[in-house]
Amino acid sequence: METREVVLPGELIERKGRKIGKGVYAENDRVFAKVLGIPRIDEDEVSVIPLSGVYIPSVGDRVIGIVTQVEISGWSVDINSPYTAFLPLSEGVDFFVDVTRTDLSRFFDVNDVIFCRISRVTKSKIVQVSMRDLGSRKMRDGIIIKVTPSKVPRIIGKGGSMINLIKNKTGCDIVIGQNGVIWIRGERKDKAIEAILTIENESHVIGLTEKIEKMLGG
Amino acid sequence: MKTREKLIVDGKRLDGRLPEQLRTIEMKTGVVTRANGSALMKFGNTIAIASVHGPRALFPRHLQESETCLLRCRYNMAPFSVDERKSPGPDRRSVELSKVIRLALEPTLFLEDFPRATIDVYVEILQADGSTRVAGINAASLALADAGIPMRDLVAACSVGKISGTLVVDLTADEDNNSEADLAFAMLPSKKKITLLQMDGILTKEELNKLLKLAKDSCEKVYETQKKVLKEKYKRVE
Numbered sequence: 066m067e068t069r070e071v072v073l074p075g076e077l078i079e080r081k082g083r084k085i086g087k088g089v090y091a092e093n094d095r096v097f098a099k100v101l102g103i104p105r106i107d108e109d110e111v112s113v114i115p116l117s118g119v120y121i122p123s124v125g126d127r128v129i130g131i132v133t134q135v136e137i138s139g140w141s142v143d144i145n146s147p148y149t150a151f152l153p154l155s156e157g158v159d160f161f162v163d164v165t166r167t168d169l170s171r172f173f174d175v176n177d178v179i180f181c182r183i184s185r186v187t188k189s190k191i192v193q194v195s196m197r198d199l200g201s202r203k204m205r206d207g208i209i210i211k212v213t214p215s216k217v218p219r220i221i222g223k224g225g226s227m228i229n230l231i232k233n234k235t236g237c238d239i240v241i242g243q244n245g246v247i248w249i250r251g252e253r254k255d256k257a258i259e260a261i262l263t264i265e266n267e268s269h270v271i272g273l274t275e276k277i278e279k280m281l282g283g
Numbered sequence: 041m042k043t044r045e046k047l048i049v050d051g052k053r054l055d056g057r058l059p060e061q062l063r064t065i066e067m068k069t070g071v072v073t074r075a076n077g078s079a080l081m082k083f084g085n086t087i088a089i090a091s092v093h094g095p096r097a098l099f100p101r102h103l104q105e106s107e108t109c110l111l112r113c114r115y116n117m118a119p120f121s122v123d124e125r126k127s128p129g130p131d132r133r134s135v136e137l138s139k140v141i142r143l144a145l146e147p148t149l150f151l152e153d154f155p156r157a158t159i160d161v162y163v164e165i166l167q168a169d170g171s172t173r174v175a176g177i178n179a180a181s182l183a184l185a186d187a188g189i190p191m192r193d194l195v196a197a198c199s200v201g202k203i204s205g206t207l208v209v210d211l212t213a214d215e216d217n218n219s220e221a222d223l224a225f226a227m228l229p230s231k232k233k234i235t236l237l238q239m240d241g242i243l244t245k246e247e248l249n250k251l252l253k254l255a256k257d258s259c260e261k262v263y264e265t266q267k268k269v270l271k272e273k274y275k276r277v278e
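In order, the protein sequences belong to chains A and B.
The opening residue of the first sequence carries number 66 in the working numbering; numbering runs sequentially from there.
The opening residue of the second sequence carries number 41 in the working numbering; numbering runs sequentially from there.
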């Protein structure tokens, strides 16, 4: 089975010329890998896609979070990261709420699972999330599993090919957060989980789609 | 342990090694499944396991740094790792070694990438036969790479010293206890930067320079193994 070339931290990738992307650093006109991962050299940018590591929030990411605390004017959300996020009341509901009379837990309570978007990240990584866009919602029923965040693109596949394959073959509803949290609901969720964990363990192997197709069979 | 008259006979050391020969090196990553990254490292009979947790949220909050990440290291020797039972828990020696391991690893990490967080490195010595701190550093550096933490380079470490008037590399416990001088050494191999240099004993300037050269060459060898182990992890063929 063919695998892709892996680079180690400190390994030389190329001479400086392109834009410095994620997972690389420049020193004396040369570009080195910063993390263990797969190098990617595009026309104008060089980067390394890590093979492991925790989720670091960045603006625009769609993530699945768990409400950990109901506060005076918002909620604290665990987004599977070293940094907890805050969901302000105005970003959580789209109508006027009088905070002096309302208990916010009637909108979101502790342990609720929400699909939301990272709306702001400060320099010292204070994170704000928002639910004011299409697709953001409270997830009811179902279960959640966690995978390595850097493998999420592989689980989704090119243009969603891999995830659609799993959805079609198992008939499950699946929502993937870019923070590595995956929500699954459906009769054959065991099969879906098995497939997702296989992808996570063998994400560096080429020709994985065929293997998953065979695994899920008919 | 009784003092031996001669640690080198006919140009060979007690375990049959040549003066500039390392013990058998063995490394493995991913040995602690609950950690973000982990590694095991063996220098002959010395066994160290390192596990890396994080970057994770740091509590209590007053320890948080708004600009950078905290690196915390703990070096711990198992009670059964040495001949005479070591009483468990931190002591003067392990507190010092925890600090030098942290200082040896800190220059390679991009700690500013994770403000307010912490990275915890636990180094456990399961079996001690000299050179435990450098085995710990090697394991920790592998574990950090395994955890996907941004680094400038891996860290390779080894020990060198002088026994019975001869300059040697990778001292065993026997040799270390009866050495004229010993030196722990860690470096960033592809940057040629030294991150740990600790010496005990008496050496002349020329001897020190020779030892540094020896240590650098040995670190290169350790580095080769580290690279091989990390690359092989992602080259499994089914």
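Just so it is clear, CB atoms sit at the ideal spot from N, CA and C, and this is done for glycine as well.
Note that this is a predicted model, so its numbers are computed, not measured.
I need the DSSP call for residue i, collapsed to helix, strand or coil.
| i | result |
| --- | --- |
| C259(B) | helix |
| G176(B) | helix |
| E76(A) | coil |
| V71(A) | coil |
| I239(A) | strand |
| M280(A) | helix |
| R171(A) | helix |
| E272(B) | helix |
| S181(B) | helix |
| E108(A) | coil |
| A75(B) | coil |
| R57(B) | coil |
| K232(B) | coil |
| H102(B) | helix |
| L166(B) | strand |
| V217(A) | helix |
| R132(B) | helix |
| S91(B) | strand |
| E267(A) | coil |
| D202(B) | The amino acid at residue 202(B) is misidentified as Asp; the sequence shows Lys. K202(B) falls in the strand class under three-state DSSP. |
| D193(B) | coil |
| V208(B) | strand |
| L237(B) | strand |
| S247(A) | According to the sequence provided, residue 247(A) is Ile. The question's Ser does not apply to it. Reduced to three states, the DSSP call for I247(A) is strand. |
Please check if any C-beta of chain A sits within less than 7 angstroms of the C-beta of residue i.
| i | result |
| --- | --- |
| K126(B) | no |
| V49(B) | no |
| D193(B) | yes |
| A157(B) | yes |
| A185(B) | yes |
| S106(B) | yes |
| S230(B) | yes |
| K261(B) | no |
| K267(B) | yes |
| K42(B) | Low per-residue confidence applies at K42(B): pLDDT is 49, beneath 50, and the placement is therefore not dependable enough to give any value. |
| G201(B) | no |
For residue i and chain B, any beta-carbon pair shorter than 7 angstroms?
| i | result |
| --- | --- |
| L273(A) | no |
| S189(A) | yes |
| L199(A) | no |
| I85(A) | no |
| I264(A) | no |
Since residue i contacts residue j with CB under 8 angstroms, what's their CB separation in whole angstroms?
| i | j | result |
| --- | --- | --- |
| W248(A) | I221(A) | With 8 angstroms as the limit, W248(A) and I221(A) do not qualify as a contact, their Cβ atoms being about 14 angstroms apart. |
| A90(B) | A180(B) | 4 angstroms |
| D169(B) | T235(B) | Going by Cβ atoms, the distance from D169(B) to T235(B) rounds to 24 angstroms, so no, they are not a contact pair. |
Which chain A residues are close to residue i, counting only those with a beta carbon under 8 angstroms from its beta carbon?
| i | result |
| --- | --- |
| L270(B) | V71, L73 and L101 |
| N76(B) | S117, G118 and V119 |
| F99(B) | What F99(B) touches in chain A: nothing, since even the nearest Cβ is about 11 angstroms away. |
| F154(B) | I121, P147 and K190 |
For residue i, return the contacting residues in chain B, with the cut-off set at a CB-CB distance below 8 angstroms.
| i | result |
| --- | --- |
| L152(A) | Per Cβ cutoff of 8 angstroms: no residues; L152(A) is ~18 angstroms from chain B at best. |
Can you pull the chain B neighbours of residue i, defined as C-beta to C-beta under 7 angstroms?
| i | result |
| --- | --- |
| L116(A) | G188 and Y274 |
| S112(A) | Those within 7 angstroms of S112(A) in chain B number zero; the least Cβ separation is about 12 angstroms. |
Taking residue i as the query, report the chain A residues whose CB atoms sit under 7 angstroms from its CB, ordered along the chain.
| i | result |
| --- | --- |
| P95(B) | V119 and P147 |
| F120(B) | Here the premise fails: no neighbours, minimum Cβ distance about 31 angstroms. |
| F225(B) | None at all; the shortest Cβ gap to chain A is about 18 angstroms. |
| F150(B) | K99 |
Below 9 angstroms on C-beta distance, what does residue i contact in chain B?
| i | result |
| --- | --- |
| S215(A) | G188 |
Determine, using beta-carbon pairs with one atom in the segment 118 to 132 of chain B and one in the segment 199 to 210 of chain B, whether at least three such pairs fall under 8 angstroms. no
Does the segment 109 to 119 of chain A come close enough to the segment 185 to 203 of chain A to have 3 or more Cβ pairs within less than 8 angstroms? no
Does the segment 162 to 169 of chain B come close enough to the segment 97 to 110 of chain B that 3 or more CB-CB pairs lie under 8 angstroms? no
Does the pairing of the segment 187 to 198 of chain B with the segment 88 to 101 of chain A give three or more beta-carbon distances under 8 angstroms? yes
Given 8 angstroms as the limit, is there contact between the segment 155 to 172 of chain A and the segment 122 to 130 of chain A, that is, 3 or more CB pairs closer than that? no
Assess, as a yes-or-no matter, whether the segment 64 to 77 of chain B is touched by the segment 246 to 265 of chain A under the definition of 3 or more beta carbon pairs within less than 8 angstroms. no
Evaluate the contact criterion for the segment 194 to 211 of chain A versus the segment 234 to 253 of chain A: three or more CB pairs, one atom per stretch, below 8 angstroms. yes
Counting pairs of beta carbons, one from the segment 213 to 226 of chain B and one from the segment 196 to 205 of chain B, are three or more of them closer than 8 angstroms? yes
Meets three-Cβ-pair contact criterion under 8 angstroms: the segment 222 to 241 of chain A and the segment 264 to 283 of chain A: yes
Pairs of beta-carbons, one from the segment 168 to 180 of chain A and one from the segment 128 to 146 of chain B, closer than 8 angstroms: are there three or more? no
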